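To start, the structure itself, in structure tokens.
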Amino acid sequence: MLHNSYDNAYYGEIQIGSPGQNFKVFLDTGSADHWIPSQIWPRGQFPHPKYDSSASSTYKRGNGKRVDIGYLTGSLKGFVSSDTVEIGGIALAGQSFATTAPHDDQIFKARFDGILGLRLISPTEGITSPVWNTMIKQGKVKTKVFSIWLGRYSDSGKKGGDDGGEITFGGINTRHFTGTHTYVPVEGNKNLLSMYNILVGKKDTKICSTGCKAIVDSGTSNILGPPELIAKINQGIFAARGCLDLSKLPAITFTIAGKLFPLKPSDPFMRAFHTVFDYQNPSSVKVGFAKSI
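The numbers in UniProt numbering rise by one with no breaks, and the one at position 21 of the sequence shown is 21.
Written out as structure tokens, the structure reads:
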């Protein structure tokens, strides 16, 4: 189960160590690294639990590598540790992660405690071994598939959006989509997929008409791209500063694998479409989309 933070961030609960120490982490398909607050994390507006290695019987120092992790919204410094990590009842022994502290304001202001990257990479590429890699390596999932459903804050049955989404490791929850998934192959460790015509309303913007590469990223609720491309989309929907008259804006439609995927105003792609990441064939990884319900 995922928490929905006002429709712009989704995070889940994990436990690290023995006994388990609880953390709320941002589940991010756009990155591969896993980090949590260290003992030197500064006090701020939102208090965060801090990992205490001395309180865990399964802690290992790991390689002790110093790390510097950067994002579009900030960066952190720390070092790599190793301990048991449990997520959704799945316990992973010897999982590596970084214990960090921010050195700028954006990360410092985050409501969640850390990030758990889900992008599958080679063991030598990342700062830490991704949790999804470890699940597969340790045989913790019957099927090499994970799927994500993101709910709407307004539809949540609990104040604060506590039942705002779900990630399923090793399968697909059929209650969260209608119809069948449209699958598209992805390329490389960044899960690049091919996308074609982008429509605003019923008008073809001519953007990506000959094809372009994109990623589906649970780490952001925004549509990001080259400035000239985004400017054309904003011009097409007559976007106004402050999102005035949001309900009157036309839909934006993306063409993937020959199918049309329309987005209503303010609806992130992964909330509109239930998303499956399929690694059953390592040489032909694919991502699938079906209409969320």
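Where a beta carbon is used, it is the ideal one built from N, C-alpha and C, also for glycine.
Bear in mind that the values here come from a model prediction, so they are computed numbers and not experimental data.
Boundaries (first-last residue) of the beta strand (DSSP E) holding valine 131: That residue, valine 131, is in no beta strand (DSSP E); its alpha helix (DSSP H) goes 131-137.
In terms of residue numbering, what span does the alpha helix (DSSP H) encompassing glutamine 235 cover? Here the alpha helix (DSSP H) through glutamine 235 covers 227-236.
Mind reading off the beta-carbon distance from serine 96 to serine 75? Whole number of angstroms is fine, and I expect it under 8 Å. For serine 96 against serine 75, the beta-carbon gap comes to about 19 Å, at or over 8 Å, which does not count as contact.
Taking just the CA atoms, how far does threonine 84 sit from proline 19? Pairing proline 19 with threonine 84, the inter-Cα distance amounts to about 9 Å.
Residues in the same chain with beta-carbon distance under 7 Å from glutamine 45, minus the five sequence neighbours each way, listed in chain order, please. Cβ neighbours of glutamine 45 beyond the five flanking positions: Lys109.
Thinking histidine 34 and glycine 117 are a contact (beta carbons under 8 Å), I'd like their distance in whole angstroms, please. The Cβ separation is near 6 Å, so the contact holds.
Does the beta-carbon distance from serine 38 to tyrosine 51 come in below 8 Å? Yes, they are a contact pair.
According to DSSP, is glutamine 45 helix, strand or coil? Looking at glutamine 45 - three-state DSSP - the assignment turns out to be coil, as it is neither helix nor strand.
Start and end of the beta strand (DSSP E) containing alanine 214? Alanine 214: member of the beta strand (DSSP E) spanning 212-214, first to last residue.
Sorted by chain position, which residues of the same chain lie with C-beta nearer than 6 Å to leucine 199's C-beta, five sequence neighbours on each side aside? Thr253.
Mapping the DSSP letters down to three states, classify isoleucine 252 as helix, strand or coil. Strand at isoleucine 252.
Who are the Cβ neighbours of lysine 190 in its own chain at under 8 Å, not counting the five residues just before and after it? Answer for lysine 190: Arg119, Ile215, listed in chain order.
Alanine 93, buried or exposed, once every other Cβ within 10 Å from all chains shown has been counted against 16: By the neighbour-count definition (other C-beta atoms within 10 Å, threshold 16), alanine 93 is an exposed residue.
Would you mind sorting alanine 32 into buried or exposed? The rule is 16 or more other CB atoms within 10 Å of its CB. For alanine 32, the number of other beta carbons within 10 angstroms of its own is at least 16, and it is reported as buried.
Rounded separation between isoleucine 233 and threonine 205 - CA only: Each residue's alpha carbon lies about 7 Å from the other.
For the candidate residues Thr180, Val67, Val184, whose alpha-carbon lies nearest to that of threonine 128? If we check each option's Cα against that of threonine 128, Val67 comes out closest.
Looking at the secondary structure, which residues open and close the alpha helix (DSSP H) in which alanine 91 lies? Going by DSSP, alanine 91 is part of no alpha helix (DSSP H) but of the beta strand (DSSP E) stretching over 90-102.
Let me know the secondary structure DSSP gives residue 294 once reduced to three states. Look at the range of the chain in this structure, 1 to 293, and you will see that residue 294 is not part of it.
Contact defined as beta carbons within less than 8 Å: I believe valine 285 pairs with valine 184. What is the distance between those atoms, to the nearest angstrom? Not really, about 10 Å apart at Cβ, beyond 8 Å.
Please state whether the Cβ-Cβ distance between phenylalanine 277 and phenylalanine 146 is less than 8 Å. Their beta carbons are under 8 Å apart, which means phenylalanine 277 touches phenylalanine 146 by this criterion.
Use the C-beta contact count for lysine 159: other C-beta atoms within 10 angstroms, 16 or more gives buried, fewer gives exposed. Residue placement at lysine 159 is flagged as unreliable, the pLDDT there being 47, under the threshold of 50; the coordinate-derived value follows with that caveat. By the Cβ neighbour-count rule, lysine 159 is exposed, with fewer than 16 other Cβ atoms within 10 Å of its own.
Distance check for glycine 70 and proline 47, CA to CA, integer angstroms please. CA-to-CA, the gap between proline 47 and glycine 70 works out to about 22 Å.
Cβ shell of alanine 251 (< 7 Å), same chain only, five flanking positions each side left out: Excluding five sequence positions before and after alanine 251, the CB atoms of its chain that fall closer than 7 Å to its own CB belong to Gly201, Pro262, Leu263, Lys264, given in chain order.
Kindly identify the DSSP beta-bridge partner or partners of aspartate 278. The partner list for aspartate 278 (beta bridge, DSSP) reads Val145, Lys286.
Give the DSSP-derived three-state secondary structure of isoleucine 115 in the structure shown. Shown here, isoleucine 115 sits in a strand according to DSSP, grouped into three states.
I'd like to check one pair, lysine 140 with isoleucine 90: are the Cβ atoms closer than 8 Å? Result yes, Cβ atoms of isoleucine 90 and lysine 140 sit closer than 8 Å.
Got a sec? Which residues, its chain only, sit under 7 Å from histidine 181 by beta carbon, not counting five neighbours each side? Taken in chain order, the residues that qualify are Val276, Gly288, Phe289, Ala290.
Can you tell which of Leu229, Gly219, Ile223, Asn222 has the C-alpha that lies nearest to the C-alpha of cysteine 208? Considering only Leu229, Gly219, Ile223, Asn222, the residue with the shortest C-alpha distance to cysteine 208 is Leu229.
Residue environment, alanine 55, which counts as buried when at least 16 other CB atoms sit within 10 Å: Result: exposed.
Out of curiosity, what's the CA-to-CA distance linking valine 25 and threonine 210? CA-to-CA, the gap between valine 25 and threonine 210 works out to about 38 Å.
Below 8 Å between beta carbons: does that hold for aspartate 28 and serine 218? Less than 8 Å separates the beta-carbon of aspartate 28 from that of serine 218.
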